[in-house]
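If you read the sequence shown in our numbering, its first letter stands for residue 850, the second for the next number, and so on.
Encoded as structure tokens, the structure appears first; notes follow it.
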Amino acid sequence: MSESKNVKAIFDASMMGRDGEPSSSSAKRCVKVFPPEGYSSWGQHQFVKRSDLESLYVTDGGRAAIMCVVTVARDDEPLDVPPSDIGRHLGALLDSADGSDVSFIVDGEEFPAHRVVLAARSPVFKAQLLGNMADAKIPSISLHDITPTTFKTMLRFIYTDDLLEDEDEDKDEDKEKDRDSHRDEDGDEDKDKDKDNDNDEDEDENDEDEDEDDEYDSGLDDDEYDPGSGDYERGLGGPATKKLQDLIADKDDDELGGSATKKLQDLLAAADRYALDRLKLLCARKLLENISVDTVASTLACAGMYNCQELKKRCIDFFADENNFKKAVLTDDFAQLVLKFPSILAELRVKVRV
850 MSESKNVKAI FDASMMGRDG EPSSSSAKRC VKVFPPEGYS SWGQHQFVKR SDLESLYVTD
910 GGRAAIMCVV TVARDDEPLD VPPSDIGRHL GALLDSADGS DVSFIVDGEE FPAHRVVLAA
970 RSPVFKAQLL GNMADAKIPS ISLHDITPTT FKTMLRFIYT DDLLEDEDED KDEDKEKDRD
1030 SHRDEDGDED KDKDKDNDND EDEDENDEDE DEDDEYDSGL DDDEYDPGSG DYERGLGGPA
1090 TKKLQDLIAD KDDDELGGSA TKKLQDLLAA ADRYALDRLK LLCARKLLEN ISVDTVASTL
1150 ACAGMYNCQE LKKRCIDFFA DENNFKKAVL TDDFAQLVLK FPSILAELRV KVRV
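Here is the structure:
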């Protein structure tokens, strides 16, 4: 404490009773600010009456005790300490791969990492990478039953203790789509070359088949086929159906069946696999934030499979609402829930009373 500043002191004094405890009735508190040059003297007047002193506080031995506590208040402002940035530094280490001593191959994509970091965060990785398992001695490990996106998100969490932001996930997905589109373009170029070579041969055959095609198309237009009629079956090779098949073929897995919920469910499964309890809870919380009549059945199945009791309870509570239940039971995921998790269905019946 600087000698050039005023000093504030708090004085708490009380008489000690004959039972050896401080007397609350005699307690006094004073606050005083002392300048740098100090005081010659200072004290508390009329602290206790003489009659009270003799009758209440003087012991049989003729002694009295006073308890005094002096607290010096610091008025210096504390130094500002920035928040921890260990996650940012470890994230940069992951991105740079400096000093990495192990790599994981997931669906052909390589992820460099550091054994000690993974072992410090996950007991499963610790046993795998630092124990007596065969993986402890090999530099590259292939993983199955997990997607590159899920593994990358989990790896980022291990290093930074935070989930990858949605923008970063979207960038990763865009990169994957770009790679897929380039592969498709290359394949299309090869197909175009083959088609060019076959065009001359096909022209004669096409001329011969024109009459048959005219007879075939003279009934219903291709996009007017009734799925229940023979014309629909007859039209499966028509141009409208071909466009539909091409549209489905062009969509990747994320566009067809994937969603934020599916990604979180996959990440929760990975967290359970590697005993990352905090990540598992974060996924459960985000799944609850995204819960709807379209996702509750699959989320309930996920909760049951990976022993997320609170998530399971919240899903069943969501089902308990009559309006939610009527809509959720119509989804494909509910049908899967009934088939794969009959025990959960029994709990659901008790709650919903169906």
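For glycine and all other residues, C-beta sits at the position ideal for the given N, C-alpha and C.
In this structure Pro997 is in contact with Val955, their Cβ atoms being roughly 5 Å apart against a cut-off of 8 Å. When secondary structure is reduced to three states using DSSP, Arg878 falls in the strand class.
Collapsing the DSSP output to three states places Met916 in a strand. Apart from sequence neighbours up to five positions away, the residues of its chain that approach Arg1163 with a beta-carbon distance below 6 Å are Leu1137, ordered along the chain.
Of the candidates Ala922, Ser900, Glu903 and Glu886, Ala922 places its Cα closest to the Cα of Val880. Counting along the chain, Leu992 sits inside the beta strand (DSSP E) bounded by residues Ser989 to Leu992. Taking a C-beta distance under 9 Å as the contact criterion, Ser971 and Ala1124 qualify as a contact pair.
When the beta-carbon positions are compared, Ser933 and Tyr906 stay at least 9 Å from each other. Around the beta-carbon of Thr1002, 16 or more other beta-carbon atoms lie within 10 Å, marking it buried. The three-state reading of DSSP puts Ala862 in strand, counting E and B together. Between Lys1200 and the set Glu1171, Asp1181 and Asn1139, the nearest pair of CA atoms involves Glu1171. Taking the Cα positions, Leu967 is about 27 Å away from Gly1153. In the three-state reduction of the DSSP assignment, Ile1007 falls in the helix class, which pools H, G and I. Residue range Val951 to Val955 is occupied by the beta strand (DSSP E) that includes Ser952. CA-to-CA, the gap between Met916 and Met865 works out to about 7 Å. Judged by DSSP in its simplified three-state form, Pro997 adopts helix.
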